[in-house]
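Undergrad: Numbering (this note's numbering), first residue to last: 1 to 418.
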């Protein structure tokens, strides 16, 4: 079991909690899509000056990632400041700005670790209002403090926000396995003094690390130093081991069999998300096509569920019902749509998600989740907004983002031993 497992909850309660948060994430995307005009083009160059790494020219750094089963996301481990203070944060490919809760804090959600105290770090600095990093924050989400320090507001949906000072400090990763320890001075992040979320954030999490495609994301800031690449490998929630998040390439890793790659696209109205193009899905012998091009599904590390826009979902689920040839359970718990009781005698068809240039074969564990009462539910649900490829579908894949080549690669991997 994940060390962050909440043993007081039944399996159904755990899964429902995580699934409902996934629905909230999907609604957040609807909210952004309907309310966001194209953001201003960032000034050139498009990233803050990259932090200078204290290790070799192209660094490789690793972090262990651990699932929080009742919340559905994964936490990464890193250190901040000088001397180093260890932090755990949700790693998020669907946002750019990284932030941690800092002291003094006006309103913060409860966290297990002490708040980060910037006065104790000899390398901490406030970021000025007229700095390039501050101008990368959309104008309606930044302000100037009394001492000319940059104040940011990061919104997650209609009423979840965090506010704080834009700051810079040293971010460090310890050595795990093949990766060397690496230190990145002057990394830009948010020091939050106000956090108000309509959904509960795990008390294990001290903040969020943004790994989106925008210029302020940690992946973009590290840029050249990590060869513009990062990857993750997520273990199942029931695993006793941890997965890995890697910045840069692993020089000791042999080429992986079965690796497939697909281009990612950035939509100006969703600038913090990686959009892939889903051309179709095969269920058993039946292939359904979306008839779309140009980016129609977000790949996201935070929500547990995969959300398909309603027309695609309708075709998909009719193929699923045909392939299984079993009666769907009538009492599917919200938010699941398709559940089956007593699945032991079922034959699972092959599932293939056909992204442009990349056929990703998913096994039943990527698409079904076990509840109590001998019931399994499909982790694919319909949405009225844009489709999302959630984290349950990505378990036991090494997923690599190449920001230079603008592509995402998938390689089937046993992430427990990765």
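Every residue, glycine too, gets a C-beta built ideally from N, C-alpha and C.
Fair warning: this is a prediction, and the values are worked out from it, not measured in the lab.
#1: Residue 310 to residue 145, Cα distance in whole Å?
#2: In this structure, how does DSSP classify residue 365 when only helix, strand and coil are distinguished?
#3: Quick check on DSSP: helix, strand or coil for residue 324?
#4: Can you check which of these residues, 320, 273, 267, is closest to residue 294 by C-alpha distance?
#5: Report the three-state DSSP secondary structure of residue 421 (helix, strand or coil).
#6: Express the C-alpha separation of residue 169 and residue 184 in angstroms, rounding to a whole number.
#7: Applying the 10 Å Cβ sphere with the 16-neighbour rule, what's the burial state of residue 200?
#8: Please report the distance separating the alpha-carbon of residue 328 from that of residue 343.
#9: Curious, which full-length beta strand (DSSP E) runs of at least 3 residues does the segment 95-137 contain?
#10: Less than 8 angstroms between the C-beta atoms of residue 107 and residue 206, yes or no?
#11: Cutting at 6 angstroms between CB atoms, please list the residues of its own chain near residue 194, excluding the five before and the five after it.
#12: Under the DSSP definition of a beta bridge, which residues are partnered with residue 81?
#13: Report yes if the C-beta distance between residue 260 and residue 359 is below 8 angstroms; otherwise report no.
#14: Are there three or more Cβ pairs, one per stretch, closer than 8 angstroms when the segment 275-286 is compared with the segment 72-86?
#15: Taking the beta strand (DSSP E) that residue 220 belongs to, which residues open and close that run?
#16: Do you know how far the Cα of residue 226 is from the Cα of residue 62?
#17: Can you round the beta-carbon distance between residue 182 and residue 173 to whole angstroms, since I take them to be within the 8 angstroms contact cut?
#18: I'd like to know whether the C-beta atoms of residue 409 and residue 296 end up nearer to each other than 8 angstroms.
#19: Label residue 92 either buried or exposed according to how many other C-beta atoms from any shown protein chain fall within 10 Å of its C-beta, with 16 as the threshold for buried.
#20: At what residue ranges does the segment 332-387 contain a whole run of the alpha helix (DSSP H), taking only runs of 4 or more?
#21: Please confirm if the segment 124-142 is in contact with the segment 334-343, defined as three or more CB-CB distances below 8 angstroms between the two stretches.
#22: Would you call residue 269 buried or exposed, if buried means 16 or more other Cβ atoms sit within 10 Å of its Cβ?
#23: Going by the DSSP bridge assignment, what does residue 91 pair with across the sheet?
#24: When DSSP builds the beta bridges, which residues end up paired with residue 398?
#25: So, with DSSP's three-state summary, where would you put residue 264?
#26: Give the DSSP-derived three-state secondary structure of residue 149 in the structure shown.
#27: Taking the C-alpha atoms as reference points, what is the distance between residue 314 and residue 133?
#28: Report the residue from 117, 109, 151 whose alpha carbon sits nearest the alpha carbon of residue 103.
#29: According to DSSP, simplified to helix, strand and coil, what is residue 259?
#30: Looking only at its own chain, which residues have a Cβ that is under 7 angstroms from the Cβ of residue 287, when we skip the five neighbours before and after it?
#31: Using 10 angstroms around the beta-carbon of residue 258, count the other beta-carbons present and answer buried if the total reaches 16, otherwise exposed.
#32: Taking residue 331 as the reference, give the member of 407, 376, 306, 109 with the closest Cα.
#33: In chain order, what residues of the same chain have a beta carbon less than 8 angstroms from the beta carbon of residue 391, not counting five sequence neighbours either side?
#34: For residue 403, does the three-state DSSP call read helix, strand or coil?
#35: When you compare only the Cα positions, how much space is there between residue 308 and residue 241?
TA: Based on what the coordinates show:
#1: 45 angstroms
#2: helix
#3: helix
#4: 267
#5: Residue numbering for the chain in the displayed model covers 1 to 418; residue 421 lies beyond these limits and cannot be assessed.
#6: Just so you know, the alpha carbons of residue 184 and residue 169 end up roughly 8 angstroms apart.
#7: exposed
#8: Taking the straight line joining both Cα atoms gives about 11 angstroms.
#9: 99-101
#10: Going by C-beta atoms, residue 107 is not nearer than 8 angstroms to residue 206.
#11: 106, 107, 163
#12: The partner list for residue 81 (beta bridge, DSSP) is empty, contrary to what the question assumes.
#13: It is a contact, given that the beta carbons lie within the stated cut-off.
#14: no
#15: First-last for residue 220: 218-222, but that is the alpha helix (DSSP H), not the beta strand (DSSP E).
#16: 11 angstroms
#17: Sure, about 5 angstroms apart at Cβ, within 8 angstroms.
#18: For residue 409 and residue 296, no; Cβs fall outside 8 angstroms.
#19: buried
#20: Entirely contained in the segment 332-387, the alpha helix (DSSP H) runs reaching 4 residues are, in chain order, 364-367.
#21: The segment 124-142, when compared against the segment 334-343, does not touch it at the 8 angstroms Cβ threshold.
#22: A residue is called buried when at least 16 other Cβ atoms come within 10 angstroms of its Cβ; residue 269 does not meet this threshold and is exposed.
#23: 209
#24: 233, 411
#25: Here residue 264 sits in coil by DSSP.
#26: strand
#27: 44 angstroms
#28: Of the listed residues, the one whose Cα sits closest to residue 103 is 117.
#29: coil
#30: For residue 287, where only same-chain residues beyond five positions count, the Cβ hits under 7 angstroms are 280.
#31: exposed
#32: 376
#33: 72, 73, 74, 234, 300, 301, 302, 303, 304
#34: coil
#35: 31 angstroms
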